[in-house]
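Trainee: Residue 585 in the UniProt record's numbering sits at position 585 of the sequence shown, and the numbers go up by one each step.
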Amino acid sequence: MELMWHFTSQQRPLLFEVVLRSIVALLQFARPFAKRSTLFALLVGATVGCDQSGSEPKRTDPAQDEKSVSPETSVKPETSVKRATADSKTASTTPKPSTTRATQLSQIDTALQQGNFATAESKLTSMLSVDPTDPDALFRLGNLKLYQGDHETGMDLLGNVPVAHPELGLLALGVSADMAMKLEKYDLAEEKYRKILDRVPDAVPAIRQLAWLLNREGRRHAAVPLLQQLCRAGDVRQDELQALLSVPDALYSELPAGGDPENAARHYYPINAISDARWQFGKFQFAAAERTLATYLGRDGQASQDSVEVPADVEAFYGRILAAAQHSEKLVPWLIHANDAVKDQAEYWVAATIVLLEQRRFEEAVHAAGEALLRDPTDYRTYLRMNQALTALGKEQLAAKWMQRYFDVRRTVELSHKLSEAPIPKQETLEELSEILTKLDRELEAIMWKAIAVQRYNDGESPEKTREKITKLNQRRQQLVQTGTGFPTAEQRLCDMKLANFQSPTWREPTENQYTQKPAITISLAPKFANIADSVGLKHAFRVAAQPQPDRFSIYQQMGGGVAVIDYDLDGQFDLYFAQGNCDPPEFKSTVSNLLYRQQSGLLVDVTAVAEASDFGYTLGVTSGDWNQDGFADLAFANLHGTRLLINNGDGTFAESPIPMPRLSDGMLTSLAIADVTGDAIPELVQAVYADDPNLARKPLKDGGGQIEQLSPLSYKPSPNFVVRQGISDAKGASILTTTPSAASLGLVVANLDDSIGTEVFVANDVYPDHLLNFDTSGNATDSALLRGCALGGRGSRTGSMGIALDDFNLNGFADLHVTNFEDESNSLFLNQGSLFVERSVAFGIDQASEPLVGFGTQSLDYDNNRTRDFVIVNGRVERPNGTKKSFEQPAQIFANEGNRLIAKTNNDPSNYFGQAHLGRALAKLDFNRDGRSDLVVTHLETPSALLINQTKSVGNWCRFRLVGVQCERDAIGATIEISVQGNQYRQWVATGDGYMCRNENVITFGLGSVNNIDTVSIYWPDGSSQIFSNPPINADLLVLQNERGLFELP
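(1) For a quick check, are the C-beta atoms of R933 and N912 less than 8 angstroms apart?
(2) Can you tell me which residues form a DSSP beta bridge with N875?
(3) According to DSSP, is H918 helix, strand or coil?
(4) Taking the alpha-carbon of P205 as reference, which of F837, D187 and L226 has the nearest alpha-carbon?
(5) Specify, as a first and last residue, the run of the beta strand (DSSP E) that residue 1053 falls within.
(6) Going by the CB atoms, is the gap between F844 and G789 shorter than 8 angstroms?
(7) Per DSSP, what kind of secondary structure is T939 in: helix, strand or coil?
(8) Identify whether E1044 lies in helix, strand or coil by the three-state DSSP scheme.
(9) With contact counted as at least three CB pairs below 8 angstroms, one residue from each stretch, are the stretch 991 to 1006 and the stretch 668 to 675 in contact?
(10) So, G758 versus P1022, is the Cβ gap smaller than 8 angstroms?
(11) Quick one, which of V592, F487 and E491 has its alpha-carbon nearest D584's?
(12) When you compare only the Cα positions, how much space is there between V761 and L297?
(13) State the Cα-Cα distance for the pair T561 and Q580, rounded to the nearest angstrom.
(14) Following the continuous alpha helix (DSSP H) through R381, name the residue where it begins and the one where it ends.
(15) Would you give the residue range spanned by the beta strand (DSSP E) that T1005 belongs to?
(16) Below 7 angstroms CB to CB, which residues in the same chain sit around P852 once its five sequence neighbours on both sides are set aside?
(17) Hey, out of L963, S1018 and L124, whose CA is closest to T103's CA?
(18) For a minimum of 3 consecutive residues, which ranges assigned as the beta strand (DSSP E) are wholly contained in the stretch 738 to 814?
(19) Once you ignore the five residues that flank G159 on each side, which residues in its own chain have a CB closer than 6 angstroms to its CB?
(20) Relative to the alpha-carbon of L685, which residue among G705, T739 and S719 has its alpha-carbon at the smallest distance?
(21) T858 to I873, Cα distance in whole Å?
(22) Count the other CB atoms, across all protein chains shown, that sit within 10 Å of the CB of D651; report buried if there are 16 or more and exposed otherwise.
(23) Measuring only the C-alpha atoms, how far is P132 from H367?
(24) If you draw a straight line from the alpha carbon of A922 to that of T939, how long is it in whole angstroms?
(25) Ignoring anything shorter than 4 residues, give me the alpha helix (DSSP H) runs that lie fully in the stretch 298 to 380, in order along the chain.
(26) Skipping 5 residues on each side, what residues in its chain have a beta carbon closer than 8 angstroms to that of A111?
(27) Looking at residue 1099: is its Cβ nearer than 8 angstroms to the Cβ of E889?
(28) Over what stretch of residues does the alpha helix (DSSP H) that includes Q148 continue unbroken?
(29) In terms of residues, what are the limits of the alpha helix (DSSP H) holding E217?
(30) When you compare each of R543, V536 and P586 to G920 by their alpha carbons, which one comes out closest?
(31) In the DSSP assignment, what residue or residues form a beta bridge with N897?
(32) Taking 8 angstroms as the cut-off, decide whether the C-beta atoms of L538 and Y597 are in contact.
(33) Would you tell me roughly how many angstroms separate the C-alpha atoms of A338 and E879, rounded to the nearest one?
(34) Take A613 as the anchor and find which of K589, G642, I647 and F632 has the nearest alpha-carbon.
(35) Who pairs with residue 1082 in a beta bridge, going by DSSP?
(36) Where does the unbroken alpha helix (DSSP H) through residue 1073 begin, and where does it stop?
Below is the structure:
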């Protein structure tokens, strides 16, 4: 006999006949309890659906893999039932009804068989009026009500059948539980399923239903013990196995066609706010997830755990969301006041790990990460955090072990994606997954996956051979279950690391305003930037090859070329120097030079040849600076295999420097900067290197379907960066030092990032940890990025870092870093807390706006001069995405700073530059027309560069400073300027490198808003000296000479 709980209106007559026959059969025959349990289990076990799992929510095919997977010779529901009921207590025999009552029941059953439902209902109602607890009457009337469509009444009637009734109790409870699911009474359904398992702990169908419910609710960790129980029973489905691969991630499927869930097979579409939040969390929509779950929990924006009583796993998930949404002001109190049940959850310890890493409490972070992985060894993100903490503690060997574990666990998630995307799982995918799970000491899961492979792919072997393999797998399963070794032990989960060797976390209440920043002074105005390139004579376009190339870009072609802002003739007008590619391997000799434009009366004139500034190599990065300290800006640029330095002769021409520059025959040199990084008052040249690999010119493959291979930075040999020092060691007056470690370096910034004397170098690395380099007087570099919290993205992982914007975005007086990243990674916002950085892209709202885009150049500016620092990003993919809805070109973005948020703004101008998509690459800042508003110059791939003039309606005044060092280098890189306005202090930093293969104007501009007076301006020079000036003029360009008593206003 098979009983189905889920039914549609078309299925009701058949269902009712089956139920009726079941009733008659149950009452006519006294069967052993095992048989009755089998009947119940068949009824309970009728489930539907399919599963998906992965690093983010995956949509499922509802028709895939409805059968259970068992390493036994045959897979039948009865097998599971017998196993489930083997240990059940023997039930008492049903008391025989009296003759009169038996006659009544017989008449009712006859009426039901003949379709006389009104008569049957009348008699059943009469019986219940005499005895409201009559189980036979409750059971029949409940099923009749279900048939008639009165599900609520039917569920209630069945729910009143005593659970202890030996014939009908579990049967009625099972039907009632599933009807509660149908009526979306999920708490009630969970309660009923748990009652079943209280009486029959190994009832596989009930275990399956409850696990399915919990997974659909987003309570993934609560479902794990149930899914593991199915594995031990040898009765588990593919969707259930996949649900064990990455527990923190959501299982998700859409409603079936027509929106009727009853027409679907097994599905995982969300059913409440918890599952919605889990789905949002998996899509990295952390702020939305926090709002969703906080509303559900009735928190009203607070993190208190006293608002409503919720399961411990849900509370722990809320804490993890707070951590991901970067609400430290809520999270730390939440961690302190969590109860013991919550502290026993994996996601509580994940949240603790994130906070401890932010606070650079690495030993405690190791302990917290270990506690998390003890409870959930599938959380691949926590392996990265463990690696980060151990690396910061100098335990590189142990950190490497955890990193390998991360790669293995991450691979299981990738294979789960493949399984989800394929209508039929491939044999090699199943076999690789089984091998990795065995390596991870998850052998019981591995056996289940092997069973799938054997059943699906027997290579034409005989049925006897297949059964033999299945039998061996089942024997091994039984051994694992008997010895309790099917899942990893605590020692195995910790990679044999002793957790007791690392300090357990302790917490203290945060101080007032510890996590807050100053509010916005005023709401930002709508930006307006107009592209005037054509009208001023700018005709540059960066070409990736000698002939037009629409796609299949080599790695070096993807990066574009840079631009430097330079006043090379000291006429007070900013000029522009552009990189050019336009050539091919192996010679890389172009017929088109880099371009030097001189600004004359608001127009740009090509003076490249006249100024002897030509170069015909394949140029990427460009910079300017006073290398020889003669007061004239020199030029440096990175050709693909070597750096060139052109010295400004002071007469409008340049000459090649005799000092040897870095060269790599197989190298790919990118950004560069001229600055004193060793503290000797003499500038060095810092050269970033992406790779040193003979395969740089390799083009990506293109398959028959038009899909183009995505080139990976990890496919190329990384190289150390270089520093060229003047007048140190060799006869030609320079020495070339290397920095460590090697990485695929793109952007860099040189500035004072820690408020101490001297400069630091922040390097953006592609899929390697970013670097924060401090140089000693001998030129030796130390990387402190990991220790200070700016090496990894907000999700604790390496990112495709490219461009960098430096400024004080939260107005706390320290230099912050905005770093652009690859698509599907939000840009990073590292807020400087003095000695440490915290990543706050989610808290400031830039994560969702930046995640779909591939960010390159970025610059900070105050586009409307309202005293808050905004930023601009240029975007564009690195390869043409054939066969997808994604566009190759992407729009640039402007983010306005409104205090605790950075808001993407719409630009409205006649040229419509921001309304169009581009392949943006380098972005530099200048005031081209000297009106006090910051303008921008942009390079692209294969299309003309843009000059964007700021036409935003300014809210007020401004002041600009240019510094000239005397005791320090002339460009004063590493200096800090602080103005005091109406009791508030605002800081900016004299920097170079300027983010992505470019050089900005060498001046600092402060927007003042409606303020008409600056109280004081303080200059903190790189050598540690300082100067203070009172009441400087506003709306003016001011020159500051080190040690001079006054300011000089420039014309």
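Virtual Cβ for every residue (Gly too), placed ideally from N, Cα, C.
Mentor: Looking at the coordinates:
(1) no
(2) Answer is G855.
(3) strand
(4) For the set F837, D187 and L226, the Cα lying nearest the Cα of P205 is the one of L226.
(5) Because the chain spans 1 through 1051 in this model, residue 1053 falls outside it and cannot be assessed.
(6) no
(7) If DSSP states are grouped into helix, strand and coil, T939 belongs with the strands.
(8) It is coil, neither helix nor strand.
(9) yes
(10) yes
(11) V592
(12) 45 angstroms
(13) Note that residue 561 is Gly in the sequence shown, not Thr. Distance between the alpha carbons of G561 and Q580: 6 angstroms.
(14) Y380 to A392
(15) I1004 to G1009
(16) E823
(17) Closest option to T103, Cα to Cα, is L124.
(18) 745 to 751, 760 to 765, 771 to 775, 781 to 783 and 804 to 807
(19) S176
(20) T739
(21) 4 angstroms
(22) exposed
(23) 58 angstroms
(24) 5 angstroms
(25) 312 to 324, 328 to 337, 340 to 343, 346 to 358 and 362 to 375
(26) F117, T119, A120 and K123
(27) Given that the chain is displayed from residue 1 to residue 1051, the structure contains no residue 1099 and the question cannot be resolved.
(28) P135 to Q148
(29) Element bounds for E217: n/a, residue is neither H nor E.
(30) Each of R543, V536 and P586 was checked against the Cα of G920, and the nearest Cα belongs to R543.
(31) Beta-bridge analysis with DSSP links N897 to L902.
(32) yes
(33) 48 angstroms
(34) I647
(35) With the chain running from 1 to 1051 in the structure shown, residue 1082 is simply not present.
(36) There is no way to answer for residue 1073, as the model of the chain reaches only from 1 to 1051.
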